[in-house]
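The block underneath contains the structure these notes are about, expressed in structure tokens.
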Amino acid sequence: MEFDESYIDRPIKVKSSIERLPNLNENNDTLTLSISSSSHPTTSINLDQTLFQSRLQQPSQSLSQSNSAHVYNDIETISSSVPSILTRDNNFYNELASITTSNNINSWKRSFVSNEIPNVFKPFSDEFLTTSNSSSNNDDISNYDKNFLFLTSAGKPIYSTFGKDEQLVSIMGLINTIIHFFRINASKELKTIKFLNSNFVFLNRSPIILLAYSRLGETTTELIDQLDFLYSYLISSISERQILRLFDKRDNFDLRNFLEVSDFENLDQICYMISNKFYPDLYLGSLQCLTLKHSSIRKKTHELMIKNLLMDSDLPRGTLLYGLLVYPENKLVSVLRPKGHTLHTTDLHLLLCLIFNRFNNQDNNQELWVPICFPKFNANGFLYAYINFLSSKNNKPSSRGTSSASNIKNSNNDKNCPALVLISAQKDMFHPLKVLAESFINELTESGLLDKITTYNGFKMSDVPAPFVHHFIYKSKKHVQYITPEVDHNMFINQMPNFEISYASYELKLKTYYQQLYNSIMNGSTGGPLSKSILNFMQWSISPESHQEPDISEDMQNSFLKEESPNIMGLAWVTPTFELYLICNNGIVDKDVIFKSAKNIANWCRKNEARLFVTEGAVY
Amino acid sequence: MLQFKLVLLGDSSVGKSSIVHRFVKDSFDEFRESTIGAAFLSQSIKLDEDDTVIKFEIWDTAGQERYKSLAPMYYRNANAALVVYDITASDSLSKAQSWVEELKNKVADDKLVICLVGNKLDLCQEDSGKRSVEISDAKQYADEQGLLFFEVSAKTGEKVNDVFKSIGESLYSYKKEELLSKSEQNGTNTHGQVDLQLQKPATSDPTSCCT
Chain A
1 MEFDESYIDR PIKVKSSIER LPNLNENNDT LTLSISSSSH PTTSINLDQT
51 LFQSRLQQPS QSLSQSNSAH VYNDIETISS SVPSILTRDN NFYNELASIT
101 TSNNINSWKR SFVSNEIPNV FKPFSDEFLT TSNSSSNNDD ISNYDKNFLF
151 LTSAGKPIYS TFGKDEQLVS IMGLINTIIH FFRINASKEL KTIKFLNSNF
201 VFLNRSPIIL LAYSRLGETT TELIDQLDFL YSYLISSISE RQILRLFDKR
251 DNFDLRNFLE VSDFENLDQI CYMISNKFYP DLYLGSLQCL TLKHSSIRKK
301 THELMIKNLL MDSDLPRGTL LYGLLVYPEN KLVSVLRPKG HTLHTTDLHL
351 LLCLIFNRFN NQDNNQELWV PICFPKFNAN GFLYAYINFL SSKNNKPSSR
401 GTSSASNIKN SNNDKNCPAL VLISAQKDMF HPLKVLAESF INELTESGLL
451 DKITTYNGFK MSDVPAPFVH HFIYKSKKHV QYITPEVDHN MFINQMPNFE
501 ISYASYELKL KTYYQQLYNS IMNGSTGGPL SKSILNFMQW SISPESHQEP
551 DISEDMQNSF LKEESPNIMG LAWVTPTFEL YLICNNGIVD KDVIFKSAKN
601 IANWCRKNEA RLFVTEGAVY
Chain B
1 MLQFKLVLLG DSSVGKSSIV HRFVKDSFDE FRESTIGAAF LSQSIKLDED
51 DTVIKFEIWD TAGQERYKSL APMYYRNANA ALVVYDITAS DSLSKAQSWV
101 EELKNKVADD KLVICLVGNK LDLCQEDSGK RSVEISDAKQ YADEQGLLFF
151 EVSAKTGEKV NDVFKSIGES LYSYKKEELL SKSEQNGTNT HGQVDLQLQK
201 PATSDPTSCC T
């Protein structure tokens with residue numbers, strides 16, 4: 001892939017140090033040493049330097065062949081405050097310093113973007129990054145920067161992500177008092193309380209009150225969306241009719257007696273996901289789609305679905321409501337649906353959360369039959385989901401013993417089992433659907449399509465002609481789906497002792513950039529975008545006074561390491577047909593260049609539409 | 001090959017899924033999450049008698065109260081039921097007993113094989129103080145009701161296969177009687193043949209065949 005010369009000709013501010021790059025690369029030991037001895041955070045030597053250098057050396061060589069010249073170690077940075085973003089001191093996590101070292105450069109084939117971006121946000125504690133449930137002993141509620149609490153309208157606690165029981169009872173009593181105070185004295189619903197950098201957001205879904213508390217800088221709209229999603233989970237598990245019926249008899253009903261262990265486990269997982277993971281599905285209101293190598297794979301899969309459905313004469317008409325082929329990390333592969341019917345994205349989010357947060361660790365030789373209520377489809381009734389995890393013949397999970405080691409969920413690659421989901425409104429239709437599923441899965445496996453689906457690991461940033469872009473999200477409004485490049489997991493797996501923390505901190509950082517970018521184009525009061533067409537640049541940087549300029553007389557290597565301060569540009573581009581959010585490499589600030597890259601991405605997405613998105617689905 | 005449908009019933013967290021996974025995959029997960037809805041699995045065993053291969057199609061149901069209304073769907077056509085309790089929790093035995101009652105009342109088939117299974121034997125072997133259901137009490141109940149009875153440990157695997165083998169043998173003996181009486185009625189010798197029409201169609205899942 002050749003680059004437009006205009007990108008290459010850009011002036012580069014650290015030109016003088018570029019000549020040092022090969023030396024740095026050879027002296028990996030020295031470099032690594034200087035990284036690990038530093039307790040300061042990191043930034044990247046980024047693409048333009050790298051590219052520039054490789055072009056200087058071998059002007060005629062295409063970039064794809066010049067792996068050896070790609071140097072993107074994360075080196076030194078900066079701790080300071082970020083006036084426009086968050087006002088806390090940046091006391092960066094040490095782990096970042098060890099995220100990227102040179103030994104994984106070659107494992108990332110054809111990568112010419114930096115695999116890391118600097119953080120300009122308030123750092124998160126290790127505990128926040130790794131705690132996915134409330135089982136830890138030191139459970140003081142004030143230790144947590146974010147928490148979700150549910151209580152009944154009568155003030156009885158239902159659920160909280162963190163916190164000890166004794167503490168919760170009094171806190172929930174207090175919350176209830178405050179809410180009622182407003183209701184009685186001002187006859188208004190209390191929506192939000194802001195105190196310093198804390199934001200308390202309330203959602204009244206009588207007889208249940210939900211509260212989100214965050215010090216992480218999320219907007220009220222975002223927190224309300226998250227609460228609404230958590231409430232949707234409750235409905236999906238017990239249905240709105242059931243909730244109303246329970247409280248109809250007794251106002252002071254204790255819902256905890258009705259919820260099961262699995263509900264609390266699921267709520268913990270969902271809270272963890274929406275707080276810590278890169279999960280734009282929620283605010284984008286769309287599903288992520290699995291990129292396939294060729295559009296024909298999706299087309300043939302859909303043809304097989306339809307063929308098997310039509311062939312299956314034993315299946316009573318109307319039994320199958322909806323069919324899905326989904327892929328780990330909540331990605332959509334294929335859709336089988338009746339003409340004129342689609343499911344609401346919230347319902348699908350809930351379903352996918354359940355499948356991949358909940359059942360992913362289960363053995364894939366069992367089939368599941370799960371009652372689920374889809375709040376947007378019918379909040380009062382249950383549907384039944386047949387779920388079957390497909391393991392392709394060449395891709396069987398390697399280890400089968402006790403799975404306590406399977407905690408590292410994202411080190412997947414041997415867990416790339418897509419799942420087939422068939423949804424029916426009738427509770428006794430398991431066997432007919434099982435027959436349909438089996439004939440479809442057999443053909444999918446025999447035709448080799450399954451292998452093609454599981455072996456292609458999505459597209460990478462390097463596949464897209466937008467060299468200065470670190471990462472992007474492209475949402476097709478028509479399909480209500482979005483795509484985003486794959487993050488190189490190897491980069492983090494190499495950091496085995498700190499794998500989880502390294503990956504989690506990267507994900508959280510990415511998530512924060514996008515959230516702020518997204519919020520920048522949202523109307524805070526209505527929750528919708530400011531306008532139908534928006535082009536908005538956003539810049540994050542560290543204020544110069546807090547960033548120590550490198551001493552010129554210092555050793556040249558050190559000066560290079562400290563040369564660059566985090567200076568990240570993002571772009572949000574909303575049009576009637578798509579939304580594009582992108583984050584550039586550190587140091588890229590030229591808006592024309594960024595917009596040109598954005599146009600390239602949009603063109604690329606349009607050109608590859610059929611392999612990127614489920615355009616039509618298998619319609620019957 | 002004979003196929004039989006088997007359903008697991010019992011209170012939540014007594015170890016139904018763990019027993020099934022010990023039987024099907026010979027594995028144990030200390031931190032197994034609770035089952036939502038129900039899971040369908042299959043596993044075959046070979047009986048000593050006549051080298052008969054029996055394939056179990058197993059419904060592993062959620063023990064939670066909320067899903068209780070779905071249970072009839074799983075046990076309605078079952079040939080065998082495994083009613084599980086936790087020997088360290090006496091409440092779970094009374095729950096198991098109510099399941100036995102329900103099965104006897106609702107399942108018309110008097111050939112339904114019910115096996116009462118006390119799980120978590122390993123805990124009591126480590127510390128006998130943990131036992132809260134005496135083996136003699138449970139055994140006496142099982143005998144009165146005409147149930148098969150075992151105490152097992154899904155964690156160590158102790159006696160788990162015996163449970164399924166013994167259920168398989170009971171089912172096979174019923175099946176033989178049935179076939180014999182049928183052949184007597186018809187006056188034709190169908191010995192050695194099995195009427196597969198009675199059974200659900202075989203699954204074509206390649207992972208579920210005997211090992």
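Top to bottom, those sequences are chains A and B.
When we follow the UniProt record's numbering, the leftmost residue of the first sequence carries the number 1, and every step to the right adds one.
When we follow the UniProt record's numbering, the leftmost residue of the second sequence carries the number 1, and every step to the right adds one.
Just so it is clear, CB atoms sit at the ideal spot from N, CA and C, and this is done for glycine as well.
Is residue i close to chain A? Criterion is C-beta to C-beta, closer than 9 Å.
i	result
B/Phe40	yes
B/Lys55	no
B/Lys25	yes
B/Ser13	yes
B/Ala89	no
B/Tyr67	yes
B/Ser136	no
B/Ser34	yes
B/Gln140	no
B/Asp60	yes
B/Gln64	yes
B/Lys200	In this prediction, B/Lys200 scores a pLDDT of 44, lower than 50, which makes its location untrustworthy; the coordinate-derived value is nonetheless stated afterwards. Yes, contact with chain A.
Within 10 angstroms of its Cβ, does residue i collect 16 or more other Cβ (buried), or is it exposed?
i	result
A/Tyr474	buried
A/Pro418	buried
A/Leu227	buried
A/His470	buried
A/Tyr620	exposed
A/Pro338	exposed
B/Phe4	buried
A/Met538	buried
Alpha carbons only, please: which of the options is nearest the one belonging to residue i?
i	options	result
B/Ser90	B/Ser132, B/Val20, B/Ser17, B/Ser173	B/Ser132
A/Lys427	A/Ala466, A/Ser391, A/Ile372	A/Ile372
B/Glu30	B/Phe23, B/Ala38, B/Leu41, B/Ser18	B/Ser18
A/Arg215	A/Ile441, A/Phe278, A/Lys146, A/Lys331	A/Lys146
A/Asn365	B/Leu2, B/Lys5, B/His21	B/His21
A/Glu218	A/Asn519, A/Asn608, A/Arg606	A/Asn519
B/Leu121	B/Arg76, B/Leu9, B/Val84	B/Val84
B/Leu47	B/Ser183, B/Phe164, B/Lys182	B/Phe164
B/Arg32	B/Ser44, B/Ser13, B/Ala39, B/Asp26	B/Ser13
A/Val370	B/Val53, B/Asp11, B/Tyr67	B/Tyr67
What's the C-alpha gap between residue i and residue j?
i	j	result
A/His349	A/Ser424	18 Å
A/Cys584	A/Gly524	25 Å
A/Ser239	A/Phe258	12 Å
A/Ser171	A/Ile387	What sits at residue 171 of chain A in the sequence shown is Ile, not Ser. Approximately 40 Å, taken between the alpha carbons.
A/Lys478	A/Phe578	8 Å
A/Glu367	B/Glu101	28 Å
A/Glu189	A/Phe202	9 Å
Using a Cβ cut-off of 7 Å, pull out every chain B residue sitting near residue i, in sequence order please.
i	result
A/Trp369	Gly37, Ala38, Phe40
A/Gln366	Ala39, Phe40, Leu41
So residue i contacts chain A; which residues on that side make the cut at Cβ distance below 7 Å?
i	result
B/Ser98	By Cβ distance, chain A contributes nothing, its closest Cβ being about 18 Å from B/Ser98, past 7 Å.
B/Ser153	Result: empty, since nearest Cβ-Cβ is about 14 Å, beyond 7 Å.
Does residue i come within less than 9 Å of chain B when only Cβ atoms are used?
i	result
A/Lys146	no
A/Arg358	yes
A/Thr402	With a pLDDT of 33 at A/Thr402, under the threshold of 50, the modelled position of that residue is not reliable, and the figure given next carries that caveat. For A/Thr402, the answer is yes, since a Cβ of chain B falls inside 9 Å of its Cβ.
A/Tyr384	yes
A/Cys605	no
A/Ile175	no
A/Phe258	yes
A/Asn536	no
A/Val261	yes
A/Leu310	no
Which residues in chain A have a C-beta closer than 8 Å to the C-beta of residue i? List them in chain order.
i	result
B/Gln3	Near B/Gln3 there are no residues of chain A at all, since even the closest Cβ is about 13 Å away, more than 8 Å.
B/Leu70	Pro371, Lys427
B/Gln145	Per Cβ cutoff of 8 Å: no residues; B/Gln145 is ~28 Å from chain A at best.
Give me the chain B residues within the contact set of residue i, using Cβ-Cβ distance strictly less than 8 Å, ordered along the chain.
i	result
A/Gln515	Ordered by position in chain B, no residue passes the 8 Å Cβ test against A/Gln515, which lies about 30 Å from the chain.
By the criterion of Cβ-Cβ separation under 9 Å, what are the contact partners of residue i in chain B?
i	result
A/Glu265	Glu33, Ser34
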